[in-house]
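Take a look at the structure set out below.
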Amino acid sequence: MPAAAGAGVGERGASQWEAPGLGRDRPPLPSLKVPRELLRRFPHSKRVGSYLVGKMINKGSFAKVMEGLHIGTGEKVAIKVIDKKKARQDSYVLKNMKREPRIHQMVRHPHIVVLLETLETENSYYMAMELCAGGDLMDRICERKRLEEREVRRYTRQILSAVEHLHKHGIVHRDLKIENFLLDEHNNIKIVDFGLSNTLKAESLSLELLSTQCGSPAYAAPELLAHRKYGPKVDVWSVGVSMFAMLTGTLPFTVEPFNIKQLHQKMVSGEISSIPADISKGAVTFVLSLLEPDPEKRPSVKAAMEEKWINEGYSKRPLHTLSHKNRLCPEDLNSSVLAYMTETLGYSLSEIINTLTTNRPCAIMAAYHLLLSKFNRSQKGAKAGKVHPPPNTECGYILSSKNTCRERNSSESKPQKQVNDEAVSFRKGKMDLIYMALFTDIQSDYLRLKIEAGADELNLMKCYQRWVNDELS
1 MPAAAGAGVG ERGASQWEAP GLGRDRPPLP SLKVPRELLR RFPHSKRVGS YLVGKMINKG
61 SFAKVMEGLH IGTGEKVAIK VIDKKKARQD SYVLKNMKRE PRIHQMVRHP HIVVLLETLE
121 TENSYYMAME LCAGGDLMDR ICERKRLEER EVRRYTRQIL SAVEHLHKHG IVHRDLKIEN
181 FLLDEHNNIK IVDFGLSNTL KAESLSLELL STQCGSPAYA APELLAHRKY GPKVDVWSVG
241 VSMFAMLTGT LPFTVEPFNI KQLHQKMVSG EISSIPADIS KGAVTFVLSL LEPDPEKRPS
301 VKAAMEEKWI NEGYSKRPLH TLSHKNRLCP EDLNSSVLAY MTETLGYSLS EIINTLTTNR
361 PCAIMAAYHL LLSKFNRSQK GAKAGKVHPP PNTECGYILS SKNTCRERNS SESKPQKQVN
421 DEAVSFRKGK MDLIYMALFT DIQSDYLRLK IEAGADELNL MKCYQRWVND ELS
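Counting with UniProt numbering, you get residues 1 to 473 for the letters of the sequence shown.
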């Protein structure tokens, strides 16, 4: 379990976005070689694209979330897998299956999970996302029964900051709940699951979602349950339910046996669950304001962020004035990672910058963020005085800064052999498979023989894929 960060940590952005600009001195990247043994030891059932798909983390009606490993970097990710066959059984899900990645592309915020890449096969649709090492908020509440007020304030601030960012860009989440709040390694909130999200249409949202599902009824605003037109304040209500659960360990409105009509009646009449006496008056007043059944009287996210209780212990600057860039700028990008991707992986600088500044989930996006994560971990380790072991000296490949493949041997010193006249070049767009293969210690003789046999590029790639699959099986 990660140690709780101090008050205010995460206010200006998650640590993985703190990167030196292009014009600054480049710190060296850590060894990026991924030992084949790491890939072999990762328990997985199959491979999809650049990922090994491992154990299941969570499961829903139409999708499941699996732990994955990015082969090229050795970094773990979360992979959401949508079953197309099951999705076809629900017209709404089928129609909007690809809306979630579009929503992700529209926003960038330190408390919203990063979508790295999307892939599609005949039977499934895959979304590779950053893995939140701290688990989910539900587990945290279950462990402690309920959370301390100071911690609830910190989490709620982060949630409100992310939701305000969504609303500012015309997006309503519509499924905010404790289960969709994950924690990163720094104990900061990451909002996930935008499968039911939608963009604002004029002043209110259409009711298309209500014909199929409305998220979790226990977190749904009364106007949504009543099938009335609704706006972004449905998210405010859901934040209120989540905050109540953090403070008390229970939901504010419950019905046994479950009945939506009775649940709605409890909401509008204010029949709320009991609140422990040790919770401060300020916290109670604040959470009840979010649980106002009349959306006209319920505060907006921006108004809620200006309330006294939510800002206690923080600077006088209102929370809503803490701006977050919705797009990466070229000067925000890590120059060391960029250099590696251009000089070693063969991507053009313009291609990388265009992908990252438009927040487009693809192989480039995944490679950049995962390499950056590894880079930041190395830098923090160096600052903490940790000694990193030397690179693995087993016989295998490393990649030089000029796209050359070099062999080394731990048992005896040999002149470095280079394949096919100093370098083997591969056209843009095919680099991913090649560097994945090279990172997995492919034997030099295998590569050299294939080239000398005159294998064309496409056949060589197929040989690589077969070889890697055999090695990982």
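The beta-carbon is built from N, C-alpha and C at its ideal position, and this holds for glycine as well. In this text, all values refer to a predicted model and were calculated from it rather than measured experimentally.
Excluding the five sequence neighbours on either side, which residues of its own chain have a C-beta within less than 7 Å of the C-beta of I171, listed in chain order?
Around I171: I103, M106, V107, S197 and T199.
Three or more C-beta pairs under 8 Å: does that hold for the region 124-140 against the region 213-230?
Counting Cβ pairs under 8 Å, fewer than three are found: no touch.
Using only the alpha-carbon positions, how far apart do P299 and V152 sit?
Rounded to whole angstroms, P299 to V152 spans 19 Å at the Cα level.
Do I71 and L39 have their C-beta atoms closer together than 8 Å?
It is a contact, given that the beta carbons lie within the stated cut-off.
Work out the CA separation of S336 and K402 for me, nearest whole Å.
No answer about K402 holds up, because its pLDDT of 27 lies below 50 and its placement is not dependable.
Tell me, please, which residues DSSP counts as bridged to L183.
Answer by DSSP bridge pairing, in chain order: I189.
Closest by CA to P276, which one among I191, F194 and L147?
Checking every option, the nearest Cα to that of P276 belongs to L147.
Taking all protein chains shown into account, decide if M56 is buried (16 or more other Cβ within 10 angstroms of its Cβ) or exposed.
Burial call: exposed.
For L119, does the three-state DSSP call read helix, strand or coil?
Correct three-state label for L119: strand.
Is the Cβ-Cβ distance between I189 and H111 less than 8 Å?
Cβ distance < 8 Å, so I189 and H111 count as in contact.
DSSP puts E130 in a beta bridge; with which residues?
Its beta-bridge partners are V77.
Could you compute how far the alpha carbon of H388 sits from the alpha carbon of K374?
A caution first: H388 carries a pLDDT of 44, below 50, which makes its placement in the model too unreliable to give a value.
For G282 and V301, I'd like the C-alpha separation in whole angstroms.
Those two C-alpha atoms are separated by around 17 Å.
Which runs of the alpha helix (DSSP H) at least 4 residues long sit entirely within the region 308-362? Give them in chain order.
You should have 308-311, 335-343 and 349-357.
Measure the alpha-carbon distance for L160 versus V53 and round it to whole angstroms.
If I take the Cα positions, the gap works out to 33 Å.
When you compare only the Cα positions, how much space is there between S238 and T342?
Roughly 44 Å between the two C-alpha positions.
Please look up how many angstroms separate the CB atoms of L349 and L356, rounded, as I've assumed it's under 8 Å.
About 11 Å; that fails the 8 Å criterion.
In this structure, how does DSSP classify Y435 when only helix, strand and coil are distinguished?
Only weak support is given to the placement of Y435: the predicted model assigns it a pLDDT of 38, under 50, and the question is left unresolved by the model.
Mind reading off the beta-carbon distance from G240 to V284? Whole number of angstroms is fine, and I expect it under 8 Å.
In fact, because the Cβ distance is near 12 Å, the residues do not count as touching under 8 Å.
Excluding the 5 residues flanking K316 on each side, which residues of the same chain have their C-beta closer than 8 Å to its C-beta?
Excluding positions up to five away in sequence, the list is empty.
Cutting at 8 Å between CB atoms, please list the residues of its own chain near I141, excluding the five before and the five after it.
If we look at I141 and ignore the five residues flanking it on each side, its Cβ neighbours are L147, I178, A245, M246 and G249.
Residues in the same chain with beta-carbon distance under 6 Å from K64, minus the five sequence neighbours each way, listed in chain order, please.
Closer than 6 Å at the Cβ level, and outside the excluded window around K64, lie M56 and V81.
Does V234 pass the burial test, meaning 16 or more other C-beta atoms within 10 Å, or should it be called exposed?
Flag for V234 reads buried.
For the alpha helix (DSSP H) that H70 lies in, which residues bound it at each end?
It is not in any alpha helix (DSSP H) - H70 instead sits in the beta strand (DSSP E) that spans A63 to H70.
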